[in-house]
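Peer 1: Sharing a structure below in structure tokens format, with a few things to ask.
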């Protein structure tokens, strides 16, 4: 009987890339998303419109197809105004629907890859965050993802199911740089900003690393289980990103923002949080700009042998060697 890998959220940014890679590896894919159709046209790809919050519809998928692995990417993502979405929405999609999917996967003997986020570490200010560190999520998105992580761990332990939780750092590719650009641009491509001297180092995740992690784990005879941070080999400073952007003919103007000014603004926001909870989103932004987190990729490299990509070789070096770590 034909074996399928179920990819939820297959029409998304990461989903499309993972489907493409798995098809290139001669895998048979069942892709689902809420959209009516998919742009993927391949003999090894079957698409079905489905809402993961419909528990019976998910059950029907497992009854109809021989699903041996699940790559769970579908979620309500964090948006600029987190308060525009209710906690109930995040809870229903990112937690309840995920729990239902995990339960059916366990009952039908399928292994699971769950796409989570490094945002679950939240207010943990440790210099380098590893998989064993305490999670202190701030946003509703991160809280719902962390709850789903806990649920998957419990379900997997109960059913002796192979699973992995990939905590992705902010993902980027040549086609989609939003996670990078929001940290350096006021107006995309033209007006950039630097905090202090621009020495803040950001830890991102090349789409290449994200896709490699999924493909490698699915091929492992005895897959690593638990949580794995997925991030680039190297961090990159804001000043280097802007230098690279300038070399590409972008970032024509740069505003230098005194670090002390942002520190004061962050202090005011933190003090006001006790009275205005909606400011938690601003608090999170200030934290990420003033003290960007760094993530350990030791487990990723030691168990799966990948993390070769970073912004220099994935984005800029391959376009003419604008900047690399040797310069």
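Numbering (the UniProt record's numbering), first residue to last: 1 to 327. A virtual CB, placed ideally from N, CA and C, is assigned to each residue, including glycine. Computed from a prediction, not measured in an experiment: that's the story for all the values here.
1) Residues in its own chain within less than 7 Å of residue 137 by CB, not counting five upstream and five downstream?
2) Quick one: using the 10 Å Cβ neighbour count with 16 as the cut-off for buried, is residue 84 buried or exposed?
3) When you compare the stretch 100-111 with the stretch 29-44, are there three or more beta-carbon pairs, one atom per stretch, that lie closer than 8 Å?
4) Take residue 13 and list the residues in its own chain whose beta-carbon comes closer than 7 Å to its own, dropping the five residues that flank it on each side.
5) Please list the terminal residues of the continuous beta strand (DSSP E) segment that includes residue 230.
6) Report the partner residues of residue 117 according to the DSSP bridge assignment.
7) Note the first and the last residue of the continuous beta strand (DSSP E) segment covering residue 62.
8) For residue 219, which of 112, 93 and 131 has the nearest alpha-carbon?
9) In whole angstroms, give me the CA-to-CA distance for residue 117 and residue 295.
10) Three or more C-beta pairs under 8 Å: does that hold for the stretch 254-263 against the stretch 84-95?
11) Report buried or exposed for residue 124, applying the criterion of at least 16 other Cβ atoms within 10 angstroms of its Cβ.
12) Using the Cβ count rule (16 or more neighbours within 10 Å means buried), how would you classify residue 56?
13) Is the distance from the Cβ of residue 194 to the Cβ of residue 242 below 8 Å?
14) By Cβ distance, which residues of its chain are closer than 6 Å to residue 130, with the 5 residues on each side in sequence left out?
15) Verify whether the separation of the beta carbon atoms of residue 230 and residue 251 is less than 8 Å.
16) Starting from residue 46, trace the beta strand (DSSP E) in both directions and tell me its first and last residue.
17) For residue 186, which residues of its own chain have a beta-carbon under 6 Å away from its beta-carbon, when the five flanking residues on both sides are left out?
18) How would you label residue 318, buried or exposed, when you count the other beta carbons within 10 angstroms and need 16 or more for buried?
Peer 2: For this structure:
1) By one-based count along the chain shown, residue 137 stands at place 137. Closer than 7 Å at the Cβ level, and outside the excluded window around residue 137, lie 119, 120, 122, 143 and 146.
2) Along the chain shown, read from residue 1 onward, the residue named residue 84 stands at position 84. Its Cβ having fewer than 16 others within 10 Å, residue 84 is exposed.
3) Counting Cβ pairs under 8 Å, fewer than three are found: no touch.
4) For the purposes of this step, residue 13 is taken as residue 13 along the chain shown, with counting starting at 1. If we look at residue 13 and ignore the five residues flanking it on each side, its Cβ neighbours are 176.
5) As a first step, residue 230 must be located in the chain shown, where it is residue number 230. Start and end: 226-230.
6) Within the chain shown, numbered from 1, the residue matching residue 117 stands at position 117. Looking at the DSSP assignment, residue 117 forms a beta bridge with 168.
7) The sequence position of residue 62 within the chain shown is 62, counting from 1. For residue 62, no beta strand (DSSP E) encloses it; the enclosing alpha helix (DSSP H) starts and ends at 55-64.
8) On the chain shown, position 219 is the one that residue 219 refers to. Considering only alpha carbons, the answer is 112.
9) Position 117 of the chain shown, counting from 1, holds the residue named residue 117. Position 295 of the chain shown, counting from 1, holds the residue named residue 295. Using only the alpha carbons, I get a separation of about 11 Å.
10) Short answer: they don't touch.
11) For the purposes of this step, residue 124 is taken as the residue at position 124 of the chain shown. The residue in question, residue 124, is exposed, as its Cβ has fewer than 16 Cβ neighbours within 10 Å.
12) Residue mapping note: residue 56 aligns to position 56 of the chain shown, counting from 1. Burial call: exposed.
13) To locate residue 194, count along the chain shown from 1; it is residue 194. To locate residue 242, count along the chain shown from 1; it is residue 242. In contact: residue 194 and residue 242 (Cβ atoms closer than 8 Å).
14) Within the chain shown, numbered from 1, the residue matching residue 130 stands at position 130. In the same chain as residue 130, and ignoring 5 residues on each side of it, the C-beta atoms closer than 6 Å to its own belong to 296, in chain order.
15) If you number the chain shown from 1, residue 230 lands on position 230. If you number the chain shown from 1, residue 251 lands on position 251. Contact: no.
16) Here residue 46 corresponds to residue number 46 of the chain shown, with the count starting at 1. Per DSSP, residue 46 is one residue of the beta strand (DSSP E) stretching across 45-49.
17) Numbered from its first residue, the chain shown carries residue 186 at position 186. Scanning its chain for C-beta atoms nearer than 6 Å, with the 5 sequence neighbours on each side dropped, one finds around residue 186 the residues 193, in chain order.
18) In the chain shown, counting from the first residue as 1, residue 318 sits at position 318. Low confidence applies to residue 318: its pLDDT is 47, below 50, so where it sits in the model is not reliable enough to give any reading.
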